[in-house]
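**Student:** Going by the working numbering, the residue at position 17 of the sequence shown is 17; the numbering climbs one at a time, nothing skipped. Below is one structure. I have some questions about it.
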Amino acid sequence: METLLSVDGTDGPRFGVDYLLRMSIKIHSQDVSEGPSRAGARAMLRAVGLTDDDFAKPQVGVVSAGNEVTPCNLTGPKLSEFAKQG
């Protein structure tokens, strides 16, 4: 049985994994990286070092809720660094 997933992680329409893999992986990044109405957003991203090549790639954000309060969260920051490195 194929696992069905939503595109945006909500309870919206579900699609098969194969279909989602065939879709453009840039689907949400296009909101910022394409079109004249997003020139301001691109200017801000260029100011922090992104290049034209970067805008051709999907943009991925890495967020960590790790902290030093409890032992179970100690690995969060280190794991997020590994994720950022790819």
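Just so you know, even glycine gets a beta-carbon here, dropped at the ideal spot from N, CA and C.
Got a sec, what are the start and stop residues for the alpha helix (DSSP H) residue 76 sits in?
**Tutor:** Here residue 76 refers to the residue found at position 76 of the sequence shown. Here the alpha helix (DSSP H) through residue 76 covers 76-85.
**Student:** In whole angstroms, what is the alpha-carbon distance linking residue 81 and residue 63?
**Tutor:** As a first step, residue 81 is located in the sequence shown; it is residue number 81 there, counting from the start. As a first step, residue 63 is located in the sequence shown; it is residue number 63 there, counting from the start. Residue 81 and residue 63: Cα-Cα distance of roughly 10 Å.
**Student:** Can you tell which of 85, 86 and 28 has its C-alpha closest to the C-alpha of residue 56?
**Tutor:** Taking the sequence shown and counting its residues from 1, one reaches residue 56 at position 56. Residue 28 is the option with its Cα nearest to residue 56.
**Student:** Is residue 41 near residue 32, with beta carbons less than 8 Å apart?
**Tutor:** Looking up residue 41 in the sequence shown gives position 41. Looking up residue 32 in the sequence shown gives position 32. Result yes, Cβ atoms of residue 41 and residue 32 sit closer than 8 Å.
**Student:** Rounded to the nearest angstrom, what separates residue 75 and residue 69 at their Cα positions?
**Tutor:** Residue mapping note: residue 75 aligns to position 75 of the sequence shown, counting from 1. Residue mapping note: residue 69 aligns to position 69 of the sequence shown, counting from 1. Rounded to whole angstroms, residue 75 to residue 69 spans 11 Å at the Cα level.
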